[in-house]
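All the letters of the sequence shown, read from the start, carry residue numbers 23 to 147 under the working numbering. Even glycine gets a Cβ: it sits at the ideal position worked out from N, Cα and C. Computed from a prediction, not measured in an experiment: that's the story for all the values here. Let me begin by presenting the structure, written as structure tokens, before commenting on it.
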Amino acid sequence: FLGRTKDLKHFLYMTYPYYHMFKEVLKGSETVFDVATLPLDLKETPVLYMYGAKKNVMFHDNRSVALLEREEKEGLSESRVVRLEESGHWMYCQEPEVCENEIRKFLKGGGGGGEASSGDTQSRL
23 FLGRTKDLKH
33 FLYMTYPYYH
43 MFKEVLKGSE
53 TVFDVATLPL
63 DLKETPVLYM
73 YGAKKNVMFH
83 DNRSVALLER
93 EEKEGLSESR
103 VVRLEESGHW
113 MYCQEPEVCE
123 NEIRKFLKGG
133 GGGGEASSGD
143 TQSRL
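Here you go:
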């Protein structure tokens, strides 16, 4: 895998966000996660959050997921949470058709279920 140049470049590209996060953590930054928040106005900027249920480590904040689920359930915005039961970290590779369908539905403003089978404050949390 890492012996091939193309694979190595792709691997490095995919780890780029983690590099910066861990660099800040190792420097002792207490605010490294402060910038990872939801938009303040979910009606204006809806969020589609998809994740694989079989992923070993989850980086999402359960409060954010609960907020997005509440937005969807109460019809407050077009935001959605989609849990892919048969996927792990690489859900786009493991269930590409499901991911594509959910993205297309979201872009069309389709709302819908939150589980796929195979504002004036500084923060919304």
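Residue i and residue j look like a contact to me (Cβ under 8 Å); what is the Cβ gap, rounded to whole Å?
{"i": "SER101", "j": "GLU107", "result": "With 8 Å as the limit, SER101 and GLU107 do not qualify as a contact, their Cβ atoms being about 20 Å apart."}
{"i": "LYS130", "j": "SER99", "result": "Wrong, their Cβ atoms sit about 15 Å apart, outside the cutoff."}
Classify residue i as helix, strand or coil using the three-state DSSP reduction.
{"i": "LYS45", "result": "helix"}
{"i": "LEU70", "result": "strand"}
{"i": "VAL103", "result": "strand"}
{"i": "SER86", "result": "helix"}
Can you grab the Cα-Cα spacing for the pair residue i / residue j, in whole Å?
{"i": "GLY97", "j": "LEU30", "result": "43 Å"}
{"i": "GLU38", "j": "HIS111", "result": "Here the sequence assigns Tyr to residue 38, which means Glu is not the residue at that position. Approximately 16 Å, taken between the alpha carbons."}
{"i": "SER51", "j": "TYR41", "result": "14 Å"}
{"i": "PHE128", "j": "LEU48", "result": "37 Å"}
{"i": "TYR123", "j": "MET72", "result": "Just to set this straight, residue 123 is Asn in the shown sequence, not Tyr. Near 12 Å, if we compare the C-alpha coordinates of MET72 and ASN123."}
Going by C-alpha distance, which of the options is nearest residue i?
{"i": "ALA75", "options": "GLU124, LEU90, PHE33 and VAL104", "result": "VAL104"}
{"i": "ASN78", "options": "GLU91, ASN84 and SER109", "result": "SER109"}
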